[in-house]
Amino acid sequence: MLIAQRNRARSARCTTRAQQQTVICVTHGLALRFVFARGPVDVMLGGLVLHPCGKSTMAEIQASHAATGADKAVKLEALDIFRAIDPSTVEQIARRAQHRTLEKGELLFNVGDASDALYVIADGRVRIWTVSAAGAEVTLNVLTNGAVFGEIGMLDSGVRTAGASAMLRTRLMSIARRTFYEALDRDPQLVRNVIDLLCMRLRWTSARMEDATLRQAPQRLARILGHLARDHGKATPKGIEVVLKLTQSEMAQWTAMSREGLNKVLNRWAEERLLTQNRGGLIVHDLERIDEIAEFGE
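Residue numbers (the UniProt record's numbering): 1 to 298.
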């Protein structure tokens, strides 16, 4: 009887506290909205759950969260598309943005899907792909932390012309069309940034068409290796180590080569000491020669 009374008293205290206090949880940057008696409460999810009667403080939650490294916040103002725009505009976009986590291999959107948002990669890797006339998937690009994608469909309301899938566990921030258009109306600098981004996309698309129509497989591979070495490489005593790990199947898709053809070229270049393959990794020893092959062929 005494125990039951204590439990009822504890439950009453929890209910009262719930009316006055925010319940904080943290997990993978997802946001939920809980409504208590005294109004809405924004709750961040992410691996740690505090009940209303818990004794942990907000500082303790943040310290624990930082210690796990679970939430690597995206600084929108650091991205080219949001460069030099008004801080209040950035704040509004960040506040309205949605967060999503994809597991490895999970589809974000498919060719032909409706477009209503652009995406920013907070942490992870996304493969952009399309389907050939023969029904085979062709990799168009591989995107990592801080990359922005999906903006064309978001801007013109057309369907997705390519698919996007997570290559490993990936956290994304999505910005809805309405939010983005309101920001465009408020800040001319964002308009200029979008124009710059679209010009860059057009140049990239032209380069891909040139690769597909004018360049042989070794040239395509050399161009991809040059890109990986410069954008995803670190200098070591042995050469430039590509820190973006790709399987041979992923590399073959990206370069539109068969795995056998890819292996043949990589092995030949390894014998010529242009590169070294090691446990799925890659070290480029002679980037100048790789660039020469990319431009003129072998």
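Where is the CB? At the ideal position from N, CA and C, for every residue including glycine.
Thr-255 - DSSP class collapsed to helix/strand/coil: In the three-state reduction of the DSSP assignment, Thr-255 falls in the helix class.
Spatially closest choice to Ser-88 from Glu-103, Ala-97 and Asp-187, by CA coordinates: Of the listed residues, the one whose Cα sits closest to Ser-88 is Asp-187.
Nonlocal neighbours in the same chain, by C-beta distance under 8 Å from Arg-273, ignoring five residues either side: His-285 and Asp-286, listed in sequence order.
C-alpha gap between Val-243 and Asp-231, whole angstroms: Straight-line spacing of the CA atoms in Val-243 and Asp-231 works out to 9 Å.
For Ala-294 and Ala-222, the rounded distance between their alpha carbons: If you draw a straight line from the Cα of Ala-222 to the Cα of Ala-294, it is about 5 Å long.
8 Å CB neighbourhood of Leu-184 in its chain, flanking five on each side removed: For Leu-184, the CB contacts under 8 Å within the same chain, skipping 5 residues up- and downstream, are Leu-190, Val-191 and Val-194 in chain order.
Runs of alpha helix (DSSP H) lying entirely within the UniProt domain "Cyclic nucleotide-binding" (81-201), each at least 4 residues, in chain order: Unbroken alpha helix (DSSP H) runs of no fewer than 4 residues, entirely contained in the UniProt domain "Cyclic nucleotide-binding" (81-201), are found at 87-96, 151-156 and 177-186, following chain order.
Cβ-Cβ distance between Ser-174 and Ala-117 below 7 Å: With a cutoff of 7 Å on beta-carbon distance, Ser-174 and Ala-117 are scored as near each other.
When Asn-263, Glu-292 and Ala-114 are compared against Met-154, the one with the closest alpha-carbon: Of the candidates Asn-263, Glu-292 and Ala-114, the one whose C-alpha sits nearest the C-alpha of Met-154 is Ala-114.
Between the CA atoms of Ala-97 and Glu-260 - distance to the nearest angstrom: Cα to Cα, the separation comes out at about 43 Å.
Gly-163 versus Val-111, Glu-151, Thr-170 and Asn-145, residue with shortest Cα-Cα distance: The closest CA to that of Gly-163, considering only Val-111, Glu-151, Thr-170 and Asn-145, is found on Val-111.
Where Leu-275 falls: helix, strand or coil (DSSP): Strand.
Beta-ladder partner(s) of Thr-236, from DSSP: Answer is Gly-239.
Minimum C-alpha distance to Leu-168 - residue among Glu-250, Glu-77 and Gln-277: For the residues Glu-250, Glu-77 and Gln-277, the minimum Cα distance to Leu-168 belongs to Glu-250.
Per DSSP, cross-strand counterpart(s) of Leu-282: Per DSSP, Val-242 and Gln-277.
Residue range of the alpha helix (DSSP H) that includes Ala-222: Element bounds for Ala-222: 217-231.
Assigned secondary structure, Arg-208 (DSSP; H/G/I helix, E/B strand, else coil): Here Arg-208 carries a helix assignment [DSSP, helix/strand/coil].
Cβ neighbour criterion (16 or more within 10 Å) applied to Thr-179: Classification for Thr-179: buried.
Same chain, Cβ closer than 8 Å to Lys-55, five either side skipped, listed in chain order: For Lys-55, the predicted model reports a pLDDT of 38, less than 50, meaning its position is unreliable; a value from the coordinates is still stated below. So the list is empty, once near-sequence residues are dropped.
Contact check, Leu-76 vs Val-90, beta carbons under 7 Å: Annotated as proximal: Leu-76 and Val-90, with beta-carbon spacing under 7 Å.
Contact under 7 Å by Cβ, Thr-255 with Arg-220: At a Cβ-Cβ threshold of 7 Å, Thr-255 and Arg-220 count as neighbours.
Glu-77, enclosing alpha helix (DSSP H) - first and last residue: Run containing Glu-77: none; DSSP gives neither H nor E here.
Contact under 7 Å by Cβ, Ile-128 with Asn-141: Against a cut-off of 7 Å, the Cβ pair of Asn-141 and Ile-128 comes out as a contact.
Collapsed DSSP secondary structure at Thr-247 in the structure displayed: It is coil, neither helix nor strand.
Neighbourhood of Glu-298 by C-beta, 6 Å cutoff - its chain only, sequence neighbours within 5 removed: Result list for Glu-298: Pro-218, in chain order.
Helix, strand or coil at Gly-261 according to DSSP, with G and I counted as helix: Looking at Gly-261 - three-state DSSP - the assignment turns out to be helix.
Inter-residue Cα distance where the pair is Lys-238 and Thr-276: C-alpha separation (whole angstroms): 9 Å.
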